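Engineer:
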Amino acid sequence: MSREGLLLQGNEAVSEGAIAAGVRFFAGYPITPATEISEVMARRMPELGGTFLQMEDEIASISAVLGASCGGVKAMTASSGPGLALKAEGIGYAVCAEIPCLIVNVQRTGPGVGSVTPSQQDVMQAKWGPNSDNMIISLSPASIKECFWLAIRGVNLSEKYRVPVILLSDSFLGHMSEKIDLPSPEEIETMDRPRPTVAPEKYKAYDADINGVPPLANFGEGYAVRLVGNMHNKAGDYSRNPRDFDFLINRLHNKILTNLADICAYEEVEIDGADLVIVAYGIVSRAAKAAIRLAKNQGMRVGLFRPIVLWPFPTERLAEIGKKVGGILVAEMNMGQVIREVERTTRGEVPVAGLNRIDGLLINPLDILAKLKEMG
Amino acid sequence: MTEISIQRKWCKSCGICVEFCPKKVFTVGELNEPIISTPDACTGCRLCELRCPEFAVIITEVEERSHE
Amino acid sequence: MAKIIPQATILEKYFVTSTLPTQWCPGCGAGGIGHAVLQAIERMQLDPKKVVLVSGIGCNGHFTRHLRLDDLHVLHGRAPAVATGLKMARPDLEIIVIQGDGDAASIGGNHLIHAARRNIGITTIVSNNYIYGRTGGQYSPTTPKKSISTSSPFGLEDPPFELCNLMVGAGATFVARGTSYHIIQLIDLVERAIKHPGFAFLEVIAPCPTSYGRKNPETGITGPQMLQWQKENSVSIKKAAHMSEESLRGKIVTGILLDRIEPEYSAAYAKVRQRAQKGGLA
Chain A
70 MSREGLLLQG NEAVSEGAIA AGVRFFAGYP ITPATEISEV MARRMPELGG
120 TFLQMEDEIA SISAVLGASC GGVKAMTASS GPGLALKAEG IGYAVCAEIP
170 CLIVNVQRTG PGVGSVTPSQ QDVMQAKWGP NSDNMIISLS PASIKECFWL
220 AIRGVNLSEK YRVPVILLSD SFLGHMSEKI DLPSPEEIET MDRPRPTVAP
270 EKYKAYDADI NGVPPLANFG EGYAVRLVGN MHNKAGDYSR NPRDFDFLIN
320 RLHNKILTNL ADICAYEEVE IDGADLVIVA YGIVSRAAKA AIRLAKNQGM
370 RVGLFRPIVL WPFPTERLAE IGKKVGGILV AEMNMGQVIR EVERTTRGEV
420 PVAGLNRIDG LLINPLDILA KLKEMG
Chain B
-13 MTEISIQRKW CKSCGICVEF CPKKVFTVGE LNEPIISTPD ACTGCRLCEL
37 RCPEFAVIIT EVEERSHE
Chain C
19 MAKIIPQATI LEKYFVTSTL PTQWCPGCGA GGIGHAVLQA IERMQLDPKK
69 VVLVSGIGCN GHFTRHLRLD DLHVLHGRAP AVATGLKMAR PDLEIIVIQG
119 DGDAASIGGN HLIHAARRNI GITTIVSNNY IYGRTGGQYS PTTPKKSIST
169 SSPFGLEDPP FELCNLMVGA GATFVARGTS YHIIQLIDLV ERAIKHPGFA
219 FLEVIAPCPT SYGRKNPETG ITGPQMLQWQ KENSVSIKKA AHMSEESLRG
269 KIVTGILLDR IEPEYSAAYA KVRQRAQKGG LA
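Protein chains in written order, with the working numbering: chain A, 70 to 445; chain B, -13 to 54; chain C, 19 to 300.
1. Which whole-angstrom value is the C-beta distance of P254 of chain A and A89 of chain A, which I expect to be below 8 Å?
2. Let me see if you follow: with CB-CB separation under 8 Å, is D306 of chain A close to chain C or not?
3. List, in chain order, every chain B residue whose beta-carbon is nearer than 9 Å to that of A285 of chain C.
4. Going by other Cβ atoms of all chains shown within 10 Å of its Cβ, with 16 needed for buried, is R32 of chain B buried or exposed?
5. Check each candidate in A:V407, A:A359 and A:K392 and name the one with the smallest Cα separation from S378 of chain A.
6. Skipping 5 residues on each side, what residues in its chain have a beta carbon closer than 6 Å to that of P318 of chain C?
7. For a contact meaning CB atoms closer than 8 Å, what does R(-6) of chain B contact in chain C?
8. In chain order, what residues of the stretch 61 to 72 of chain C put their CB closer than 7 Å to some CB of chain A?
9. Please classify F172 of chain C: is it buried, with 16 or more other beta-carbons within 10 angstroms of its beta-carbon, or exposed?
10. Measuring alpha carbon to alpha carbon, tell me which residue in C:I166, C:R86, C:K296 and C:G79 is nearest P66 of chain C.
11. So the candidates are C:H260, C:T191, C:Q117 and C:R96; which of them puts its Cα closest to the Cα of R135 of chain C?
12. Taking just the CA atoms, how far does A357 of chain A sit from D436 of chain A?
13. Across which residues does DSSP place E336 of chain A in a beta bridge pair?
14. Who does C170 of chain A pair with in a DSSP beta bridge?
15. Could you confirm whether any beta carbon from chain C is found closer than 8 Å to the beta carbon of N299 of chain A?
16. Expressed to the nearest angstrom, what Euclidean distance is found between the alpha-carbon atoms of G154 of chain C and P187 of chain A?
17. Hey, does Y162 of chain A have any beta-carbon neighbour from chain C nearer than 8 Å?
18. Would you mind reading off the limits of the alpha helix (DSSP H) that contains Q295 of chain C?
19. Have a look at F12 of chain B and I44 of chain B and give me their C-alpha separation to the nearest angstrom.
20. Pick helix, strand or coil for H91 of chain C, following the three-state DSSP scheme.
21. If you draw a straight line from the alpha carbon of L117 of chain A to that of S308 of chain A, how long is it in whole angstroms?
22. Interface residues of chain A around V193 of chain C at Cβ under 7 Å?
23. Please go through the same chain and pick out, in chain order, the residues whose beta-carbon is closer than 8 Å to the beta-carbon of K68 of chain C, but skip the five residues on each side of it.
24. Relative to the C-alpha of L184 of chain C, which candidate in C:S169, C:K233 and C:V144 has its C-alpha closest?
25. For L87 of chain C, would you say it is in contact with chain A, using Cβ-to-Cβ distances shorter than 8 Å as the test?
26. Per DSSP, V421 of chain A forms a beta bridge with which residues?
27. Terminal residues of the continuous alpha helix (DSSP H) containing L104 of chain C?
28. According to the Cβ coordinates, are L242 of chain A and G223 of chain A closer than 8 Å?
29. Mapping the DSSP letters down to three states, classify V224 of chain A as helix, strand or coil.
30. Could you pull out every unbroken beta strand (DSSP E) segment of at least 3 residues lying fully inside the stretch 231 to 315 of chain A, listed in chain order?
31. Using the beta-carbon of each residue, which ones in chain C are nearer than 8 Å to S(-1) of chain B?
32. Run through the DSSP bridge pairs and tell me what Y98 of chain A is partnered with.
33. Could you confirm whether any beta carbon from chain B is found closer than 8 Å to the beta carbon of A48 of chain C?
34. Could you tell me whether any non-hydrogen atom of the ligand FMN is closer than 7 Å to the CB of E(-11) of chain B?
35. Does the CB of L111 of chain C have a neighbour CB from chain A at under 8 Å?
36. Identify every residue that forms a DSSP beta bridge with Y150 of chain C.
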């Protein structure tokens, strides 16, 4: 298969990106609009000596992924919103047990069974889905190319920080096709989980300082690896000690929050000198870019701030922007989710308005332009 | 010949070793804890080891005592 | 009678004794299963590096944490699904799942029957003490009718699963049942289960004096009494073959109920890889 000038669907690009990052295990369960990822993996995994497993449900899928990852194989699963709801406990387990894995959510309209049309209604689910205080990383591609490259980034971040990463696509992006030139393997930087630096008998699966990522030995290497989702101490022993709770829970957050410079990623378009800024992510950011051009023709100076890594949210940079502009418009295909983060970040220092669409259709540039004028 | 030892920190006085020792080597103390009453009767079958839910019974083979 | 490995040897080789004593109540059946697993592993001289224990949530999930072996303590019910993923990714590993009856047959029922259907090469040992012990004594899908529990204070009317039949129906290729009392037989059954190439299911009838025994005296109240009841109410499968259904009512039939060879799933999937790499079937 030549790697230049390919026409790939979003779901295919995500799969090829994960493969390029070294994923050799996929477990999933059929669900529109994510099924194509399973279908690509059902073909590609065995070709590459990997494993494709169709499990009995989404809970089994994330469970199988966790098992494979503990065996030292980079592993992923994919589903849509309802599937992510079922996988939430498993994702929370992966946060606590610090087991690397990639989870793709090809979002669809809800609530409930909803419909197979696109939406961005699961962005808060990605952050708050599992029980308790979790700290995960979530990425939001806006093009076929980004589906490929963010899948690689997602796998790398999950390995480097021993954390589940949720890649948020949507039914439209997942099914639309664009031209893409796939890089050759040497052009791709892959990352692996931190390896143990002590002798097997001294190894502890959760031995790290308060901001650290503990090395992860794989099963079958003689390290007697103890992985556990219950509260535990550095050795992975079951613990009821409040100090262990405090240390572990804070470390799970700190290991991400003290590395924002490495993790966070966003795109800015014509922010300098803008009167108004659109905050948009994923598929909607494309319409925002078109709206900026339309606004420019009408003498309006509008910029775009696009989080690419959605969680952790680029709070610092947005706070700076908030101080320099007259208003922020948050355009998203849900009833207003990331807008809460924008309001929390800008603390009322700048007017924040929302443009929301949940009818299964895309927000288009004219909708955005009309709202920008209103904000005038 | 065997030597019987019970790891008292692990033993929970459940009474299983006492009940099922074929030679009734163990008897019960005030707190239902196992007492090694007739160690010489022990044949080294190790059933007490295997039945102890707390892994607390240890049988060690010792050579015949010299005939003083 | 196969040789019993001295406890001192087992303790020294497998246990992190600093983590003892266990969290179990006096007379708990979980200990016997622990013995049987370690005796079998040592007897088979398995490479400890290649043994992985996947433990479920519940009293029986609290054995592996005392050991110096790879140990994955997973979400309630999900052990067979996790073990399936691990086996497919690492067919070289010897994977033993240890669960309780609730973990395996209630929340985990869907994963259990599918792991059996696939015939994935894992050994699943389910300690059946007829109760959710860890959470204080609620009934489970295997609790006998009429039983008293904290969630059936007026006597249970739910009909229980018969786990071995369930597993045979789901396609498991090795199904056996043992009891905590018959510890020597149990070691042999664990060994046979581990050696079995496909999905091996071993149900162990185990005592739970605290949550089941105290409220249901017919099968004994204390650990010793419950083991005594097992001794008096167990029938080997050979003998059971000549007994009427009526006389078998309420009896525990022990031994290997099913043992046949079918393709083990991770090995079968290797053929999928070969076909894929040869550009085989579309």
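In this text, a Cβ means the ideal position worked out from N, Cα and C, and glycines have one as well.
Note that the structure is a prediction, hence the values are computed from the model and not measured.
Structural biologist: By the coordinates alone:
1. By 1-based counting over the first sequence, the position of residue 254 of chain A is 185. By 1-based counting over the first sequence, the position of residue 89 of chain A is 20. That belief holds up - the Cβ atoms of P254 of chain A and A89 of chain A are roughly 7 Å apart, short of 8 Å.
2. By 1-based counting over the first sequence, the position of residue 306 of chain A is 237. Yes - at least one Cβ of chain C is within 8 Å of the one on D306 of chain A.
3. On the third sequence, residue 285 of chain C is found 267 positions in, with the first residue counted as 1. The contacting residues do not exist; A285 of chain C stays about 34 Å from chain B at best.
4. For the purposes of this step, residue 32 of chain B is taken as the residue at position 46 of the second sequence. Buried, because 16 or more other Cβ atoms sit within 10 Å of the Cβ of R32 of chain B.
5. Residue 378 of chain A sits at position 309 when you count from the first residue of the first sequence. The displayed chain sequence assigns Val, not Ser, to residue 378 of chain A. Nearest of A:V407, A:A359 and A:K392 to V378 of chain A, Cα basis: A:V407.
6. Outside the modelled stretch of chain C, which goes from 19 to 300, sits residue 318 of chain C, for which no answer is possible.
7. Taking the first residue of the second sequence as 1, we reach residue -6 of chain B at position 8. Under the 8 Å cutoff, chain C gives no residues; its nearest Cβ is about 10 Å from R(-6) of chain B.
8. K67, K68 and V70
9. As a working mapping, residue 172 of chain C is identified with position 154 in the third sequence. Exposed is the call here.
10. Translated into positions along the third sequence, residue 66 of chain C becomes position 48. Nearest C-alpha to P66 of chain C: C:R86.
11. As a first step, residue 135 of chain C must be located in the third sequence, where it is residue number 117. Here the closest residue by C-alpha is C:T191.
12. Indexing the first sequence from 1 puts residue 436 of chain A at position 367. Indexing the first sequence from 1 puts residue 357 of chain A at position 288. Near 10 Å, if we compare the C-alpha coordinates of A357 of chain A and D436 of chain A.
13. Numbered from 1 along the first sequence, position 267 holds the residue referred to as residue 336 of chain A. According to DSSP, E336 of chain A bridges with A:R375.
14. The residue you call residue 170 of chain A lines up with position 101 of the first sequence. Paired residues: A:P233.
15. Residue numbering aside, residue 299 of chain A sits at position 230 when the first sequence is read from its first letter. For N299 of chain A, the answer is yes, since a Cβ of chain C falls inside 8 Å of its Cβ.
16. For the purposes of this step, residue 154 of chain C is identified with residue 136 of the third sequence, where counting begins at 1. For the purposes of this step, residue 187 of chain A is identified with residue 118 of the first sequence, where counting begins at 1. Whole-angstrom Cα-Cα distance: 46 Å.
17. Here residue 162 of chain A corresponds to residue number 93 of the first sequence, with the count starting at 1. True, the Cβ-Cβ gap to chain C drops below 8 Å.
18. As a working note, residue 295 of chain C is residue 277 in the third sequence. It spans Y283 to Q295 - the alpha helix (DSSP H) in which Q295 of chain C sits, taken as one unbroken run.
19. By one-based count along the second sequence, residue 12 of chain B stands at place 26. By one-based count along the second sequence, residue 44 of chain B stands at place 58. Taking the straight line from one Cα to the other gives about 13 Å.
20. Counting from one through the third sequence, the residue named residue 91 of chain C turns up at place 73. Three-state result, H91 of chain C: strand.
21. Counting from 1 along the first sequence, the entry for residue 117 of chain A is found at position 48. Counting from 1 along the first sequence, the entry for residue 308 of chain A is found at position 239. L117 of chain A and S308 of chain A: Cα-Cα distance of roughly 41 Å.
22. Residue mapping note: residue 193 of chain C aligns to position 175 of the third sequence, counting from 1. Chain A residues near V193 of chain C: none, gap ~20 Å exceeds 7 Å.
23. For the purposes of this step, residue 68 of chain C is taken as residue 50 along the third sequence, with counting starting at 1. Excluding sequence neighbours, K68 of chain C sits near D110, L111 and E112.
24. In the third sequence, the residue the question calls residue 184 of chain C occupies position 166. For the residues C:S169, C:K233 and C:V144, the minimum Cα distance to L184 of chain C belongs to C:V144.
25. Along the third sequence, one-based indexing puts residue 87 of chain C at 69. Chain A, which has a Cβ nearer than 8 Å to the Cβ of L87 of chain C, makes this yes.
26. If you number the first sequence from 1, residue 421 of chain A lands on position 352. Per DSSP, A:I397.
27. Counting from 1 along the third sequence, the entry for residue 104 of chain C is found at position 86. A97 to A107 is the span of the alpha helix (DSSP H), which, as asked, contains L104 of chain C.
28. Your numbering for residue 242 of chain A matches position 173 in the first sequence. Your numbering for residue 223 of chain A matches position 154 in the first sequence. Taking 8 Å as the Cβ cut-off, L242 of chain A and G223 of chain A do not qualify as a contacting pair.
29. As a first step, residue 224 of chain A is located in the first sequence; it is residue number 155 there, counting from the start. Reduced to three states, the DSSP call for V224 of chain A is helix.
30. 233 to 239, 246 to 249 and 295 to 297
31. Residue -1 of chain B sits at position 13 when you count from the first residue of the second sequence. Result: P44.
32. By one-based count along the first sequence, residue 98 of chain A stands at place 29. Paired residues: none, contrary to the question.
33. Numbered from its first residue, the third sequence carries residue 48 of chain C at position 30. For A48 of chain C, the answer is yes, since a Cβ of chain B falls inside 8 Å of its Cβ.
34. Because no ligand of any kind appears in the structure shown, any question about the ligand FMN cannot be addressed here.
35. Start at 1 with the first residue of the third sequence, and residue 111 of chain C comes out as number 93. It does; some Cβ of chain A falls within 8 Å.
36. Numbered from 1 along the third sequence, position 132 holds the residue referred to as residue 150 of chain C. C:Q156, per the DSSP bridge assignment.
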